[in-house]
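There are 2 protein chains.
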Amino acid sequence: MAAELLQCRKSLVMVLSTLCLISIVVPLAQSKVHNLTWEISYQYKYLDCYKKLSIAINGMTPGPVISATQGDTIVVNVVNKLLMENVAIHWHGIRQLGTQWSDGTEGVSQCATMPGDTFTYKFVVDKAGTYMYHSHYGMQRASGLYGLIKVSPPAGESEPFTYDDEHNILLSDWYHLSSYEQATDLTSIPYVWIGEPQSLLINGRGKYDCANLDASVCNATNPQCLPSSITVVPGKTYRIRIASLTSLSSLSFQIEGHNMTVVEADGNYVEPFVTQNLYIYSGETYSVLVTANQSPSRNYWITTNVVSREPATPIGLAIFNYSPNPALENPPTTPPPGPFWNDTDSRKAQSASIKAQKDHIVPPPSSSDKVILLLNTQNTFQGRTVWSLNNVSHYMPNTPYLIALKKNWTDVFDQTASPESYDQSYDIYRVSNNTNATSSSSIYRLTFNSTVDVILQNANTMTTNNSETHPWHLHGHDFWVLGYGDGKFNLSTDTQRYNLVDPIMKNTVPLHPYGWTALRFRADNPGIWIFHCHIEEHFLLGMMVFFESGSEMVSEPPQQNMGCGKTKSLMQP
Amino acid sequence: MAAELLQCRKSLVMVLSTLCLISIVVPLAQSKVHNLTWEISYQYKYLDCYKKLSIAINGMTPGPVISATQGDTIVVNVVNKLLMENVAIHWHGIRQLGTQWSDGTEGVSQCATMPGDTFTYKFVVDKAGTYMYHSHYGMQRASGLYGLIKVSPPAGESEPFTYDDEHNILLSDWYHLSSYEQATDLTSIPYVWIGEPQSLLINGRGKYDCANLDASVCNATNPQCLPSSITVVPGKTYRIRIASLTSLSSLSFQIEGHNMTVVEADGNYVEPFVTQNLYIYSGETYSVLVTANQSPSRNYWITTNVVSREPATPIGLAIFNYSPNPALENPPTTPPPGPFWNDTDSRKAQSASIKAQKDHIVPPPSSSDKVILLLNTQNTFQGRTVWSLNNVSHYMPNTPYLIALKKNWTDVFDQTASPESYDQSYDIYRVSNNTNATSSSSIYRLTFNSTVDVILQNANTMTTNNSETHPWHLHGHDFWVLGYGDGKFNLSTDTQRYNLVDPIMKNTVPLHPYGWTALRFRADNPGIWIFHCHIEEHFLLGMMVFFESGSEMVSEPPQQNMGCGKTKSLMQP
Numbered sequence: 001m002a003a004e005l006l007q008c009r010k011s012l013v014m015v016l017s018t019l020c021l022i023s024i025v026v027p028l029a030q031s032k033v034h035n036l037t038w039e040i041s042y043q044y045k046y047l048d049c050y051k052k053l054s055i056a057i058n059g060m061t062p063g064p065v066i067s068a069t070q071g072d073t074i075v076v077n078v079v080n081k082l083l084m085e086n087v088a089i090h091w092h093g094i095r096q097l098g099t100q101w102s103d104g105t106e107g108v109s110q111c112a113t114m115p116g117d118t119f120t121y122k123f124v125v126d127k128a129g130t131y132m133y134h135s136h137y138g139m140q141r142a143s144g145l146y147g148l149i150k151v152s153p154p155a156g157e158s159e160p161f162t163y164d165d166e167h168n169i170l171l172s173d174w175y176h177l178s179s180y181e182q183a184t185d186l187t188s189i190p191y192v193w194i195g196e197p198q199s200l201l202i203n204g205r206g207k208y209d210c211a212n213l214d215a216s217v218c219n220a221t222n223p224q225c226l227p228s229s230i231t232v233v234p235g236k237t238y239r240i241r242i243a244s245l246t247s248l249s250s251l252s253f254q255i256e257g258h259n260m261t262v263v264e265a266d267g268n269y270v271e272p273f274v275t276q277n278l279y280i281y282s283g284e285t286y287s288v289l290v291t292a293n294q295s296p297s298r299n300y301w302i303t304t305n306v307v308s309r310e311p312a313t314p315i316g317l318a319i320f321n322y323s324p325n326p327a328l329e330n331p332p333t334t335p336p337p338g339p340f341w342n343d344t345d346s347r348k349a350q351s352a353s354i355k356a357q358k359d360h361i362v363p364p365p366s367s368s369d370k371v372i373l374l375l376n377t378q379n380t381f382q383g384r385t386v387w388s389l390n391n392v393s394h395y396m397p398n399t400p401y402l403i404a405l406k407k408n409w410t411d412v413f414d415q416t417a418s419p420e421s422y423d424q425s426y427d428i429y430r431v432s433n434n435t436n437a438t439s440s441s442s443i444y445r446l447t448f449n450s451t452v453d454v455i456l457q458n459a460n461t462m463t464t465n466n467s468e469t470h471p472w473h474l475h476g477h478d479f480w481v482l483g484y485g486d487g488k489f490n491l492s493t494d495t496q497r498y499n500l501v502d503p504i505m506k507n508t509v510p511l512h513p514y515g516w517t518a519l520r521f522r523a524d525n526p527g528i529w530i531f532h533c534h535i536e537e538h539f540l541l542g543m544m545v546f547f548e549s550g551s552e553m554v555s556e557p558p559q560q561n562m563g564c565g566k567t568k569s570l571m572q573p
Numbered sequence: 001m002a003a004e005l006l007q008c009r010k011s012l013v014m015v016l017s018t019l020c021l022i023s024i025v026v027p028l029a030q031s032k033v034h035n036l037t038w039e040i041s042y043q044y045k046y047l048d049c050y051k052k053l054s055i056a057i058n059g060m061t062p063g064p065v066i067s068a069t070q071g072d073t074i075v076v077n078v079v080n081k082l083l084m085e086n087v088a089i090h091w092h093g094i095r096q097l098g099t100q101w102s103d104g105t106e107g108v109s110q111c112a113t114m115p116g117d118t119f120t121y122k123f124v125v126d127k128a129g130t131y132m133y134h135s136h137y138g139m140q141r142a143s144g145l146y147g148l149i150k151v152s153p154p155a156g157e158s159e160p161f162t163y164d165d166e167h168n169i170l171l172s173d174w175y176h177l178s179s180y181e182q183a184t185d186l187t188s189i190p191y192v193w194i195g196e197p198q199s200l201l202i203n204g205r206g207k208y209d210c211a212n213l214d215a216s217v218c219n220a221t222n223p224q225c226l227p228s229s230i231t232v233v234p235g236k237t238y239r240i241r242i243a244s245l246t247s248l249s250s251l252s253f254q255i256e257g258h259n260m261t262v263v264e265a266d267g268n269y270v271e272p273f274v275t276q277n278l279y280i281y282s283g284e285t286y287s288v289l290v291t292a293n294q295s296p297s298r299n300y301w302i303t304t305n306v307v308s309r310e311p312a313t314p315i316g317l318a319i320f321n322y323s324p325n326p327a328l329e330n331p332p333t334t335p336p337p338g339p340f341w342n343d344t345d346s347r348k349a350q351s352a353s354i355k356a357q358k359d360h361i362v363p364p365p366s367s368s369d370k371v372i373l374l375l376n377t378q379n380t381f382q383g384r385t386v387w388s389l390n391n392v393s394h395y396m397p398n399t400p401y402l403i404a405l406k407k408n409w410t411d412v413f414d415q416t417a418s419p420e421s422y423d424q425s426y427d428i429y430r431v432s433n434n435t436n437a438t439s440s441s442s443i444y445r446l447t448f449n450s451t452v453d454v455i456l457q458n459a460n461t462m463t464t465n466n467s468e469t470h471p472w473h474l475h476g477h478d479f480w481v482l483g484y485g486d487g488k489f490n491l492s493t494d495t496q497r498y499n500l501v502d503p504i505m506k507n508t509v510p511l512h513p514y515g516w517t518a519l520r521f522r523a524d525n526p527g528i529w530i531f532h533c534h535i536e537e538h539f540l541l542g543m544m545v546f547f548e549s550g551s552e553m554v555s556e557p558p559q560q561n562m563g564c565g566k567t568k569s570l571m572q573p
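As given, the protein sequences belong to chains X and Z, one line each in that order.
Per the UniProt record's numbering, the first sequence starts with residue 1, numbered consecutively.
Per the UniProt record's numbering, the second sequence starts with residue 1, numbered consecutively.
Shown next, in the form of structure tokens:
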């Protein structure tokens, strides 16, 4: 029933986007238009007590929460005040049905917006759930340009769970090096690894150890780095929306002494399951239900800690405040340490346990029209350390793909198709030694409305006995998560294990060490969409591919999306 | 004779630029085309032993020296590899006759060039002398994007002095804060002063005191911060070209135990005079002759020290190396301390002593068509500390002036004329309290080919008993320096003191504390040209004006100059 409704809505928006070739979305009756103006600037912040420039929206890092109702139209006028730096903001999880030019992905849907200029993003939040926004340009996200989007169901429509009130948790990690410093190290020859982040932030607040540092540089008493707290009334049940926009870190999230019931993932309802540790990867969002059912005489720790990589970053802390205790009163306990960083099995188990809520199953197509295998490897190319898919490290052209496609500019990007598979004799357990690795701006061209399977295949990095976790994020679509597995994917046997009954739909999914992740999506959103590892360092180093389908149905490029590369040739003299 | 030749060449180029409305410069016979490709990127450097990102050209900070012969054409393909930051490069001292679109001034002649894009600058070096190039965008120059241009006279043409060989000295100052950090402080409310620079650099090399700093941050033994040295052969005479591209500091330059004969200033020949301390302000170039006539058994210090502001920056050092002593062998002496920072009289005296070489006098027009008085004050406007001219702090529009003028876009910048004078009752000795200060993008419109006098009038800042030195730089023209004086300029008496006999022509001139500087120029270069304080902090905070004349004669904007602001409206859908 709900699935049909969703499908119906999808079709409605599709008609608009594919037939009418317009980029104006007609809001549903009674829906609201949120008109926001955001001034983007550098500001000194003490997010983890350490003084550092961050990028702020109207003075705030993280930026403001966008709260809207399904069907509402969001208009954001992004005014760039970064002096010499451009900007582009992506609305993570919003599919941009009919508003492809508002995806905010520099190099794909737009030229970055120059200082002094304003870019107006306009899109409909067409599905209740928890989403995010963040810079999608170079390594700019690492400067703190991000925030949360929460979309409520329309009046009269209920969600498959209830709660008394809700709170938001935005998780991120924080480096003391600037984005430019990070990128310079990462792209240098030889490669310089920037190390683990200095802090984990909960709602933009962390606590770096200021000992031995001058108070002008690190000030433990700066109010900006007081822990955030969530206040609850004993006995009540809360929906907590949790989002991760880390640069690097995979996280575990927990509330001391409290169970969490997972009910939503990436804007899709989850068949409820209970956990004490929610694993969350960069680019993911979850909603959990928590009942304040512990002793109300004290506060409890909210903690987050690094998993999957050996942590060098202290645990992140916030306070779960039982009213009427003081909001910032430290709990009497030592913060729980969280799970072992290398307990990969429990992470895989949790990934596998996330299924669609039984009344909100969107059945996947029973078969696919195309299967794309993507071998994830770390390589060396021309002296630089890069990340590759099927031995190709991708880079974006100087002129955004979608504009080049609309203008039939065949010289903008590599016209050879990206490879759909890799040498099946590849030993995923051996240290990567891909001597034939290359670099390309090529894309995948998919038949519009076809069904595509993508099998992400992990492998060993260039370090002995090391395989990393990669959270893969697809723009413009949700996909069905058909399954996870260990080792090399077997096309004849592993496909038999696909969950075609109640797979969760997501926009971001982890690829676990030495494992595989299988996903399926309908190429039903006209345009070209980036699919990339959401680790900022890996994205910078080429861990991305591009899926085109039906781009001829997209409207002509708006002027505000242009200004770079070959688009200048469109300027009348 | 030389003056007539110069005038003739000027006319020749003018014919091309004003009548044919073309931007292609026809090189003189036998002239050479220098085709350069510059990749602009961030690099970690230890310019003063302290590890910091700098902007490099093909890996070098400062950038390469451009060596050319008068009449040569310089083509520079600037490839922006700054990841998220735009770039624009100005060719300081090059008048861009007929090539106005190559001036490289963001906001005036071009939109900044975006990452991934390439901008091709093309211009003729039409006058022998010493020039510079540097970023002209935001505070980008402070990141080290600068270098020297030296132009030799054409074969068969001699200069009014002789020497055996020549060397270059590029002076700069160096902050450990990034350009973004500096700009954030300077534009914050309340104002945060960034302080004096950490080091003075001679040819990009300085020596910060690394004591108490971790070697990963500051490494006194890093070869990048070995002092630069100039090797001389005993008895020989050298031309030393000296240029200053400091952000803030006014400098004195000296070579221990050696006299310097000043022979060139800003590409114009100087009636020789001898000094031991050359005062040099940001944006100025000089050539001095030095004879290696001291004991050849040792090396000598080359030093530079801060003047005009109470120094907090250590003296800058290099080595004047008598061959065959080891190039980096320290002289046995203590470096001479240089003149007192507050010896304003000796600086004024030196400014006044700079006259045109007697065989190269370009006679100024005997009178002017317009006199513009510019009162230099520090103000508060909307909570920010700014610098104003006649109570107006200027900012550049989002769409470059020259493009707006060519397109008759009257909504791009303030169409009210900038004020040509100020309230003559203003007490220049009182702490500035300009409650009616404002901010504007207005310009001055000058009659083409008219003669304009500009009287720069200094005043007290917002600090008691403080008046700063401002080096004013005019684009697109040389001007005659008619005189300097103390106190308030008197229009009836001080004009009588003008030097109309042998004034030096320059493109940059100091305005001394509590004094005035009078200059005259012919508005004979079609376009719009910025005239600004060359102190990067003051430029950021509005210390600039704009002179338009004959912009209708400039060719249509090239596509590469566009891409920002209203130029996007020129893009065909």
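Where a beta carbon is used, it is the ideal one built from N, C-alpha and C, also for glycine.
{"Asked": "Pairwise C-alpha distance: X/Tyr175 and residue 645 of chain X", "Found": "Beyond the ends of chain X as shown, which are 1 and 573, falls residue 645 of chain X; an answer cannot be given."}
{"Asked": "DSSP bridge partner residues for Z/Arg205 (one or two, in chain order)", "Found": "Z/Ile202"}
{"Asked": "Contact set between the stretch 544–558 of chain Z and chain X, restricted to residues whose Cβ is under 9 Å from the partner", "Found": "Glu556, Pro557, Pro558"}
{"Asked": "X/Asp486: first and last residue of the uninterrupted beta strand (DSSP E) it sits in", "Found": "479–486"}
{"Asked": "Range covered by the beta strand (DSSP E) that runs through X/Tyr322", "Found": "316–322"}
{"Asked": "Inter-residue Cα distance where the pair is Z/Tyr498 and X/Asn58", "Found": "52 Å"}
{"Asked": "C-beta contact flag for Z/Leu278 and Z/Val262 at 8 Å", "Found": "yes"}
{"Asked": "With 16 other Cβ atoms within 10 Å as the buried cut-off, status of X/Ala112", "Found": "buried"}
{"Asked": "Extent of the continuous alpha helix (DSSP H) run through X/Ile403", "Found": "401–406"}
{"Asked": "Nearest candidate by alpha-carbon position, reference residue 575 of chain X, set X/Ser323, X/Leu201, X/Ala404, X/Asp72", "Found": "This structure does not reach residue 575 of chain X, given that chain X is present from 1 up to 573, and the question cannot be answered."}
{"Asked": "Nearest-angstrom Cβ-Cβ length linking Z/Leu519 and Z/Leu491, presumed shorter than 8 Å", "Found": "Wrong, their Cβ atoms sit about 15 Å apart, outside the cutoff."}
{"Asked": "C-beta atoms of X/Tyr191 and X/Thr237 nearer than 8 Å", "Found": "no"}
{"Asked": "When X/Gln560, X/Pro364, X/Leu317, X/Leu36 are compared against X/Leu500, the one with the closest alpha-carbon", "Found": "X/Pro364"}
{"Asked": "Short CB-CB distance (under 8 Å) between residue 578 of chain X and chain Z", "Found": "What the structure shows of chain X is the stretch from 1 to 573, and residue 578 of chain X is not part of that stretch, so it cannot be assessed."}
{"Asked": "Residue span of the alpha helix (DSSP H) that contains X/Ala518, given as start and end", "Found": "First-last for X/Ala518: 515–522, but that is the beta strand (DSSP E), not the alpha helix (DSSP H)."}
{"Asked": "Under 9 Å by beta carbon: chain Z residues contacting X/Cys111", "Found": "Met114, Gly563"}
{"Asked": "Z/Gly63 to Z/Leu148 span [Cα, whole Å]", "Found": "8 Å"}
{"Asked": "Given Z/Leu200 as reference, the closest of Z/Asn299, Z/Val412, Z/Ala523, Z/Leu245 once Cα atoms are compared", "Found": "Z/Leu245"}
{"Asked": "Neighbour list for Z/Lys568 in chain X, Cβ cutoff strictly below 7 Å", "Found": "Gln559, Gln560, Met562, Gly563"}
{"Asked": "Nonlocal neighbours in the same chain, by C-beta distance under 7 Å from Z/Tyr46, ignoring five residues either side", "Found": "Asn219, Asn222, Gln224, Cys225"}
{"Asked": "Buried versus exposed, by CB contacts within 10 Å (16 or more), Z/Thr435", "Found": "exposed"}
{"Asked": "Other residues of its chain near Z/Glu39: CB distance less than 6 Å, five sequence neighbours each side excluded", "Found": "Asn58, Val79, Lys81"}
{"Asked": "Range covered by the alpha helix (DSSP H) that runs through Z/Tyr180", "Found": "179–186"}
{"Asked": "Positions along the stretch 303–337 of chain Z whose CB lies within less than 8 Å of some CB in chain X", "Found": "none"}
{"Asked": "Secondary structure of X/Asn525, DSSP reduced to three states", "Found": "coil"}
{"Asked": "Interface partners of X/Gly138 on chain Z, CB under 8 Å", "Found": "Leu83, Met84, Pro115"}
{"Asked": "Cross-chain neighbours of X/Pro573 in chain Z, by beta carbon under 9 Å", "Found": "Glu556, Pro557, Pro558, Gln559, Leu570"}
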